[in-house]
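Here the protein sequences come in this chain order: A and B. FYI, in this note's numbering the residues of the first sequence are 1 to 277. FYI, in this note's numbering the residues of the second sequence are 278 to 554. Ideal placement from N, C-alpha and C gives every residue a C-beta, glycine not left out. Here's the structure we're looking at; comments come further down.
There are 2 protein chains.
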Amino acid sequence: MAATVEIIVVGNEILQGDVLDTNSHWLCAQLTALGAVVRQVTQVRDDCPAIAEALRLALRRGNRLIILTGGLGPTADDLTLEAVAQALGVSLQEHTQALAWVAEMYRRLAQEGRVPSAEMTPQRIKMARLPAGCEPLFNAVGAAPGVLCQLVGQAVVCLPGVPAELKNIFQEALLPWLAEWLGQGAFVEWTAVAACNDESVLAPLLKRAAEAHPEVYIKSRARAFGESYGRFTITLSARGETPARAEALVRSAWEDLSASLDRAGLNAWLEVPAGGP
Amino acid sequence: MAATVEIIVVGNEILQGDVLDTNSHWLCAQLTALGAVVRQVTQVRDDCPAIAEALRLALRRGNRLIILTGGLGPTADDLTLEAVAQALGVSLQEHTQALAWVAEMYRRLAQEGRVPSAEMTPQRIKMARLPAGCEPLFNAVGAAPGVLCQLVGQAVVCLPGVPAELKNIFQEALLPWLAEWLGQGAFVEWTAVAACNDESVLAPLLKRAAEAHPEVYIKSRARAFGESYGRFTITLSARGETPARAEALVRSAWEDLSASLDRAGLNAWLEVPAGGP
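In structure tokens:
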């Protein structure tokens, strides 16, 4: 049984259509490749009650992991940690290690003349005030540390909204713990192409293959008519304890499906046999 | 008081990181320009209970409009209309007008030799089975009609996940009704650049300006250190009954803010004076 994950994306700029959220897309690919199932992505505004409520609901849905992105910075509308503290029913406390990291980052930036001074202003200290009981995650490319809150059987992770910082913390500070926390698991997806552009003709064949192989998720990718005249994309994906297990499931589903496409006079071939990104 | 909107995006391919959702980004920009506030975007899997629950919660939050994207096609995992019917407590019924549109589209595609036959298979008829009481929205570039469900003071709209189809229905079939439904309103956003790359220095000045101009949303855009050395982006946005009203609010906030940046020895200038896309 794969671990389930939800992602909460914070920022008015996203809900105003100013900025396209690519962080959750990147995280979805990473987490899926680790064998987890991302159940939901929720984008909310810079609004403390809205962030806290989204987190409460995600925790209530019993997810193993909830990742929040954005709202960790020094400005007054960076509210993620305050909202997490509210949702978890704890207070914000200055964290010694986090404070040391933030101070060190500004010392370096001041030395390099990239900020006017290394002084620890209230705004900079704010980034080191974490929900009680949480630990900071080292940010090698920015000031705001990530945050990890381990609860009973569930965990909450906060990452900055700046993509370079989010990716650095995820890969350097989080990944070793994450692989263990999400447990063993592998995800394999094959993409096939069928020489047919009418989904309603494929539908009954896909349905039969899906019923015969309940562990394999079979999906045809909708496209605008004409956009892909004569071609249709079908993905077959499965999870297993090992990549070999997952691949065996996908392979046998593909063998059945391609045979039935063949009988229906439709040419089909595998395009990208790949196990996630 | 601006009308609030939520968007629900349906599709495993998004939560697996296979496909980047650009539909909600496009819709957020359109709706914001119409003077509405997009409160939340929720991405869920091809899972009927999950879609229905997301819609129930969005309705309970009292939004004026909820738009669902994706899951309107002919395949067995296109579940959006079934989920909407469940959430609204109604049944799915063949809609005469929708059925005529779907049949006409396949007649045309068959004539052009782009589908093998015009026969109305169960999969094609499925796209014309709407939640009782809803009306179809004409889709000029694809088979699946959009769907409009008007409730008391709230409305639910379903659009296909194929971007070309979603945009066509939104602009051709939905926009006239939508502008009226969301009511009068305008949104203006100005972008300024400050010659400073340390957000924690700007933070107190932005906070004071925001407190003096509660109707204006002032936000500094976080960037990785160095990425934009010496420059920082500040956005000022406001809503008003008319563009002129909204612009007057933004202008007076900018005049205060630029004066205080000036006093702090920071150069700042307007970059894009624009009223939404």
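Next on the checklist: Given a cut-off of 7 Å on the beta-carbon distance, is the pair L526 (chain B) and E492 (chain B) in contact?
Outcome noted: By one-based count along the second sequence, residue 526 (chain B) stands at place 249. By one-based count along the second sequence, residue 492 (chain B) stands at place 215. Yes; because the gap between Cβ atoms is below 7 Å, this pair is in contact.
Next on the checklist: Using 8 Å as the cut-off, can you tell me whether the segment 178-195 of chain A makes contact with the segment 45-58 of chain A, which would need three or more C-beta pairs spanning the two stretches below that distance?
Outcome noted: Because the criterion of three Cβ pairs below 8 Å is not met, the segment 178-195 of chain A and the segment 45-58 of chain A do not touch.
Next on the checklist: Spatial neighbours of R129 (chain A) within its chain, please: C-beta separation below 7 Å, excluding the five flanking residues on both sides.
Outcome noted: On the first sequence, position 129 is the one that residue 129 (chain A) refers to. L81, L92, Q93 and E94.
Checklist entry - If you draw a straight line from the alpha carbon of G410 (chain B) to that of P440 (chain B), how long is it in whole angstroms? => result Against the second sequence, residue 410 (chain B) aligns to sequence position 133. Against the second sequence, residue 440 (chain B) aligns to sequence position 163. The straight-line gap from Cα to Cα measures roughly 26 Å.
Next on the checklist: Out of B:I291, B:N300, B:K484 and B:R528, which one is the CA nearest neighbour of P122 (chain A)?
Outcome noted: Within the first sequence, the letter at position 122 stands for residue 122 (chain A). In this structure, B:K484 is the residue among B:I291, B:N300, B:K484 and B:R528 with its C-alpha nearest to the C-alpha of P122 (chain A).
Next on the checklist: I need the boundaries of the alpha helix (DSSP H) containing C305 (chain B), first residue and last residue.
Outcome noted: Walking along the second sequence from the start, residue 305 (chain B) turns up at place 28. Element bounds for C305 (chain B): N300 to A310.
Checklist entry - Measuring CA to CA, which of B:A530, B:S477, B:G350 and B:L425 is closest to L452 (chain B)? => result Residue 452 (chain B) sits at position 175 when you count from the first residue of the second sequence. The shortest C-alpha to C-alpha distance from L452 (chain B) to any of B:A530, B:S477, B:G350 and B:L425 is the one to B:L425.
Checklist entry - With V429 (chain B) and V361 (chain B) assumed to form a contact (beta carbons below 8 Å), what rounded beta-carbon distance in angstroms separates them? => result Numbered from its first residue, the second sequence carries residue 429 (chain B) at position 152. Numbered from its first residue, the second sequence carries residue 361 (chain B) at position 84. Actually they do not touch by this definition, with Cβ atoms about 16 Å apart.
Checklist entry - Going by beta carbon distance, what residues of the same chain come within less than 7 Å of W546 (chain B), once the five residues before and after it are set aside? => result In the second sequence, counting from the first residue as 1, residue 546 (chain B) sits at position 269. Correct list, in chain order: A469 and V470.
Next on the checklist: Starting from R384 (chain B), trace the alpha helix (DSSP H) in both directions and tell me its first and last residue.
Outcome noted: Looking up residue 384 (chain B) in the second sequence gives position 107. It spans T373 to Q388 - the alpha helix (DSSP H) in which R384 (chain B) sits, taken as one unbroken run.
Next on the checklist: Is T510 (chain B) close to chain A? Criterion is C-beta to C-beta, closer than 7 Å.
Outcome noted: What you label residue 510 (chain B) is simply residue 233 of the second sequence in a count that begins at 1. Not closer than 7 Å to any Cβ of chain A, the Cβ of T510 (chain B) fails to qualify, so no.
Next on the checklist: Any beta carbon from chain B within less than 7 Å of P136 (chain A)'s own beta carbon?
Outcome noted: In the first sequence, the residue the question calls residue 136 (chain A) occupies position 136. The beta-carbon of P136 (chain A) is placed no less than 7 Å from the nearest beta-carbon of chain B.
Next on the checklist: Any beta carbon of chain B sitting closer than 7 Å to that of V10 (chain A)?
Outcome noted: The residue given as residue 10 (chain A) occupies position 10 in the first sequence. So, not an interface residue.
Next on the checklist: Taking CB distances under 7 Å as the criterion, tell me whether Q448 (chain B) reaches chain A.
Outcome noted: One-based indexing of the second sequence puts residue 448 (chain B) at position 171. No, Q448 (chain B) does not count as interfacial toward chain A.
Checklist entry - Which of helix, strand or coil does DSSP assign to V478 (chain B)? => result For the purposes of this step, residue 478 (chain B) is taken as residue 201 along the second sequence, with counting starting at 1. Correct three-state label for V478 (chain B): helix.
Checklist entry - Taking the alpha helix (DSSP H) that R221 (chain A) falls in, what are its first and last residues? => result Within the first sequence, residue 221 (chain A) is the residue found at index 221, counting from 1. Run containing R221 (chain A): none in the alpha helix (DSSP H); it sits in the beta strand (DSSP E), Y217 to R221.
Item to check | Where the alpha helix (DSSP H) through V367 (chain B) begins and ends | outcome: By one-based count along the second sequence, residue 367 (chain B) stands at place 90. Counting along the chain, V367 (chain B) falls outside any alpha helix (DSSP H), and DSSP gives it neither H nor E.
Item to check | Contacts of S220 (chain A) in chain B (Cβ-Cβ under 7 Å) | outcome: Residue numbering aside, residue 220 (chain A) sits at position 220 when the first sequence is read from its first letter. Here the neighbours are T352.
Item to check | Of the residues B:E548, B:T319, B:D355 and B:A329, the one placed nearest P437 (chain B), counting alpha carbons only | outcome: The residue labelled residue 437 (chain B) in the question sits at position 160 within the second sequence. Among B:E548, B:T319, B:D355 and B:A329, the Cα nearest to that of P437 (chain B) belongs to B:D355.
Item to check | 6 Å Cβ shell around K496 (chain B) - same chain, five flanking residues per side excluded | outcome: Locating residue 496 (chain B) in the second sequence gives position 219, counting from the first residue. Around K496 (chain B), the same chain offers T512 as residues with beta carbons nearer than 6 Å, after the five sequence neighbours per side are excluded.
Next on the checklist: So that I know if they touch, is there some Cβ in chain A lying closer than 7 Å to that of C325 (chain B)?
Outcome noted: For the purposes of this step, residue 325 (chain B) is taken as residue 48 along the second sequence, with counting starting at 1. So, not an interface residue.
Next on the checklist: If contacts are defined as beta-carbon pairs under 8 Å, then V44 (chain A) and A54 (chain A) qualify, I think. What distance do you get, rounded to the angstrom?
Outcome noted: Translated into the one-based positions of the first sequence, residue 44 (chain A) becomes position 44. Translated into the one-based positions of the first sequence, residue 54 (chain A) becomes position 54. Going by Cβ atoms, the distance from V44 (chain A) to A54 (chain A) rounds to 5 Å, so yes, they are a contact pair.
Checklist entry - Using the beta-carbon count (16 or more within 10 Å), is A536 (chain B) buried or exposed? => result What you label residue 536 (chain B) is simply residue 259 of the second sequence in a count that begins at 1. Label assigned to A536 (chain B): exposed.
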